[in-house]
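Participant: Protein chains in written order, with this note's numbering: chain Z, 1 to 94; chain F, 95 to 669.
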Amino acid sequence: MSGLLTFDLSPGASALERLLSVVRRRGFNIDALQAVRSGDADRGLAVELTVSGDRDVEVLSRHLSNLGDCRVLAVQSQTCGGVDQDAGIDRRTS
Amino acid sequence: MNGAELLLRCLEAEGVEQIWGYPGGAIMPVYDALLDSPIRHYLTRHEQGAAFAAQGFARSTGDVGVCMATSGPGATNLVTGIADAYLDSVPLVAITGQVPRALIGTDAFQEVDMLGITLPIVKHSYLVSEPESLPQVVHQAFATARQGRPGPVVIDLPKDVALAEVTGQPQRRQAKTRHLRTRHPKTGHPEAPPSAEDPEPLDAAVLAKAAELLMTSQRPVIYAGGGVEKGSAVDALRSFVEITGIPVVHTLHGLGGVPSEHPLFLGMLGMHGTRAANHAVQECDLLVAIGVRFDDRATGKLSEFAPQARVIHLDIDAAELGKLRVPHAAVRGDLRLALGALGRSLAIEPWRQRCQDWIDRWQWRYDAPFEEVYAPGMLRQLSQQAPTGSFVVCDVGQHQMWVAQHWRFEHPRQHLTSGGLGTMGFGLPAAIGVQIAHPRATVINVTGDGSIMMNIQELATIRRYNLPVKIVVLDNSALGMVRQWQECFFSNRESEVDLSDNPNFADVARAFGIPGLEIERTQQVDGALELLLESRGPMLLHVRIDRQANVWPLVPAGANNSQMIEESQAVTATP
């Protein structure tokens, strides 16, 4: 599974550090990363991140949404159904 | 006014009345300011003790606990307590001293990157770079710690920021958050109704789907966890259970959500759960998961957990929904609102009767004819004799599971245990925080001979403040849970679990100025418990138990929850 996520980050290196820490810990690889100064007055970072992994990118985006200095703007993901024991996730739904 | 004084004023504005901590170089300006502050500081004998004492306060009140330490080793000694708070969603603010700003990044004396070290184990963290930002930082830190899914926040304070002259004013805590102090008229526990100010109404379409799942279920089970108490939803859960009549299983942190004696309560589920609870979950056709995270200790083999069940998952944290088991209805939001919206009478009497049959068939037995103390029986007796409203604070290991299995729980806030991180050494300092928060309550720390040695220095804290904590040390002269697993799954090859050179813990207590008593026979239990509960001050009861006693039943790692083994079935297997 892979996905493209876009964010606004608060100013400060720790915001990007925190974001990447969550991506790694939740089991995703970083395939591409672009971070540029936001046009906003607060001068944070606008980030585009392409990730891949066995788990659901939507769940990753919800973890990232819990970060105090990260605003998730968009998530484009590819997901699949079925039980994925390797990923430790049970995806059975009706 | 300097930054340290402003920090303390900001803490006062957040309602902080006590802090647990340990002084040192970089945090000295704050300790100096404390001398002129109404905030009471409790000196522990190790920073980890401060973190767990603050947790004890937070877990037992629902309000934010505050701990403090200096930079470097003081800060890193807090880390286990912070991680523990993160795993168990405990509102905690940890304040750490830091070297002056000009020295950050130079490998200065007692400098560590506390913000970096704690990134994965906090809800948020701040390195205070400007003295003027203190009011905003402190206010945001407390709001973050307590709102939504609670958790720990770190404020790293450089020494020169603490010494700098400032003119700011504290930001006032919002009235809305004061409800955490409101007490339930019957239980005495904080319990607030949903506030009209609470944002984010529930998704009506999802609620309709959940209601449809409920109405079409023949064999539903409620699987309720620590999120119920964290969301002040204990009363809402109890009402939901009464209205629907659905049988209930609890996680370790959910225990007390419905009282242990409730006829619909099947017990704790999972690795050391009851047979009734695990069978019901494996047989159910609908799992109503409330404030739970599908932890592996609860689910066993995930792909075979509740294999016939559709799932309604209710949680405040969207990140938990679909993390491990994709639900058929994912209800994100305030549990009190969700449970209130979903309550309806269900025609499931045959299923209720089946569950009742399982409860009756697999009752615990306490008639072991041993001369040695039977720990489960003693704990059951202690919970029955302890006054209403007592707190039990566990450590980690076999005794923790015996408490979970055999204690009579009234409310989840009265049971403090390190569930997510499973931290040995949690219990004694956490009991200190509970006792300070509830000075008139009976606070019982049930610990093991391994666990108590992890923070035994806090006996000095108990003595210093004359806290009437009752300490029960179950001493099997071994790291019992590890020994049990080595017996069951590693061909009984014991590796580094022998603690037969333990001190006499009653003597140790006496050395700290705390009365101690030692027992080893069943006939001594009645008198010892009476002495323990009637003592006006602190007391330590050292209970010697059978070294080979194990916790049963047990679901082996990697097995599903229907594959529980009992003592008579224990076989050597691969873990």
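Just so it is clear, CB atoms sit at the ideal spot from N, CA and C, and this is done for glycine as well.
This structure is a prediction, so every number in the text was calculated from the model and none was measured.
Leaving out five residues before and five after GLN34(Z) in sequence, what residues of the same chain have Cβ atoms less than 6 Å from its Cβ?
Facilitator: Correct list, in chain order: GLU48.
Participant: Give me the DSSP bridge partner(s) of ASP592(F).
Facilitator: In the DSSP output, where bridge partners are listed per residue, ASP592(F) has ALA572(F).
Participant: By the criterion of Cβ-Cβ separation under 7 Å, what are the contact partners of VAL59(Z) in chain F?
Facilitator: The answer, in chain order, is ALA413, GLY416, LYS417.
Participant: What residue from ILE384(F), LYS417(F), ALA403(F) has the CA that sits closest to ASP409(F)'s CA?
Facilitator: Here the closest residue by C-alpha is ILE384(F).
Participant: According to DSSP, which residues form a beta bridge with LYS564(F)?
Facilitator: DSSP lists ILE538(F), MET633(F) as partners of LYS564(F).
Participant: So, does the CB of THR238(F) fall closer than 8 Å to a CB anywhere in chain Z?
Facilitator: With 8 Å as the cut-off, THR238(F) counts as an interface residue toward chain Z.
Participant: Are GLN192(F) and SER165(F) closer than 8 Å when you measure CB to CB?
Facilitator: Going by C-beta atoms, GLN192(F) is nearer than 8 Å to SER165(F).
Participant: Could you tell me the distance, in whole angstroms, from the CA atom of ALA403(F) to the CA atom of VAL322(F)?
Facilitator: Cα to Cα, the separation comes out at about 21 Å.
Participant: Residues bridged to ASN29(Z) by DSSP?
Facilitator: Note: ASN29(Z) sits in a beta bridge opposite SER52(Z).
Participant: Thinking C-alpha only, which one of ARG243(F), ALA305(F), GLU111(F), ALA127(F) is nearest LEU100(F)?
Facilitator: Of the listed residues, the one whose Cα sits closest to LEU100(F) is ALA127(F).
Participant: Please list the partners that LEU331(F) has in chain Z, where partner means a Cβ-to-Cβ separation under 8 Å.
Facilitator: Correct list: empty, because the minimum Cβ distance to chain Z is about 24 Å.
Participant: What residues from chain F crowd round GLY27(Z), counting only those whose CB sits closer than 9 Å?
Facilitator: Ordered by position in chain F, no residue passes the 9 Å Cβ test against GLY27(Z), which lies about 11 Å from the chain.
Participant: Leaving out the 5 sequence neighbours to the left and right, which residues in its chain are closer than 6 Å to GLY516(F) when beta-carbon positions are compared?
Facilitator: Excluding positions up to five away in sequence, the list reads VAL490.
Participant: Beta carbon of LYS564(F), beta carbon of LEU626(F): below 8 Å?
Facilitator: In this structure, LEU626(F) lies closer than 8 Å to LYS564(F) by Cβ.
Participant: Where do the N-terminal and C-terminal ends of the alpha helix (DSSP H) with MET95(F) fall, by residue?
Facilitator: Neither: MET95(F) is in no alpha helix (DSSP H) and is coded neither H nor E.
Participant: Can you give the beta carbon distance from VAL158(F) to PHE236(F), rounded, assuming they're within the 8 Å contact cut?
Facilitator: Between PHE236(F) and VAL158(F) the Cβ distance is about 6 Å, and since that is below 8 Å, they are a contact.
Participant: Find the residues of chain Z that neighbour HIS218(F), judging by a C-beta separation of less than 7 Å, and give them in chain order.
Facilitator: Per Cβ cutoff of 7 Å: GLY68.
Participant: Just grab the DSSP bridge partners of ALA432(F) for me.
Facilitator: According to DSSP, which records beta bridges pairwise, ALA432(F) is partnered with nothing at all.
Participant: Near TRP445(F), what residues of its chain come up, given a Cβ to Cβ distance below 7 Å and the 5 sequence neighbours on each side ignored?
Facilitator: So the list reads GLN312, ARG313, once near-sequence residues are dropped.
Participant: Within 8 Å of any Cβ in chain Z, is that where the Cβ of LEU515(F) sits?
Facilitator: Judged by the 8 Å Cβ criterion, LEU515(F) is not in contact with chain Z.
Participant: Taking any Cβ of chain F, which residues in the segment 13-37 of chain Z have a Cβ under 7 Å from it, in chain order?
Facilitator: If the cut-off is 7 Å between Cβ atoms, the segment 13-37 of chain Z has SER14, GLU17, ARG18, SER21, ARG25 near chain F.
Participant: If contact means a Cβ-Cβ distance below 7 Å, which residues of the segment 241-262 of chain F contact chain Z?
Facilitator: Listed by position, the residues of the segment 241-262 of chain F near chain Z (Cβ gap below 7 Å) amount to none.
Participant: For THR541(F), count neighbouring C-beta atoms within 10 Å of its own C-beta (all shown protein chains included) and say buried if the count is 16 or more, exposed if not.
Facilitator: Result: buried.
Participant: For THR393(F), which three-state DSSP category applies?
Facilitator: Looking at THR393(F) - three-state DSSP - the assignment turns out to be helix.
Participant: Would THR271(F) count as contacting chain Z if we go by Cβ distances under 8 Å?
Facilitator: Low confidence applies to THR271(F): its pLDDT is 44, below 50, so where it sits in the model is not reliable enough to give any reading.
Participant: Using a Cβ-Cβ cut-off of less than 7 Å, list which residues of the segment 2-13 of chain Z approach chain F; keep chain order.
Facilitator: Against chain F - using a Cβ distance shorter than 7 Å - the segment 2-13 of chain Z contributes no residues.
Participant: Can the beta-carbon of VAL160(F) be found closer than 8 Å to that of VAL110(F)?
Facilitator: It is a contact, given that the beta carbons lie within the stated cut-off.
Participant: Determine the contact status of ALA423(F) and VAL300(F), defining contact as a CB-CB distance below 8 Å.
Facilitator: Taking 8 Å as the Cβ cut-off, ALA423(F) and VAL300(F) qualify as a contacting pair.
Participant: How long is the line joining the alpha carbons of ALA256(F) and ARG243(F), rounded to whole angstroms?
Facilitator: ALA256(F) and ARG243(F): Cα-Cα distance of roughly 30 Å.
Participant: In terms of residue numbering, what span does the beta strand (DSSP E) encompassing TYR180(F) cover?
Facilitator: Counting along the chain, TYR180(F) falls outside any beta strand (DSSP E), though it belongs to the alpha helix (DSSP H) covering 167-181.
Participant: Apart from the five residues just before and just after GLN494(F), which ones in its own chain have a Cβ nearer than 7 Å to its Cβ?
Facilitator: CYS488, THR511, listed in sequence order.
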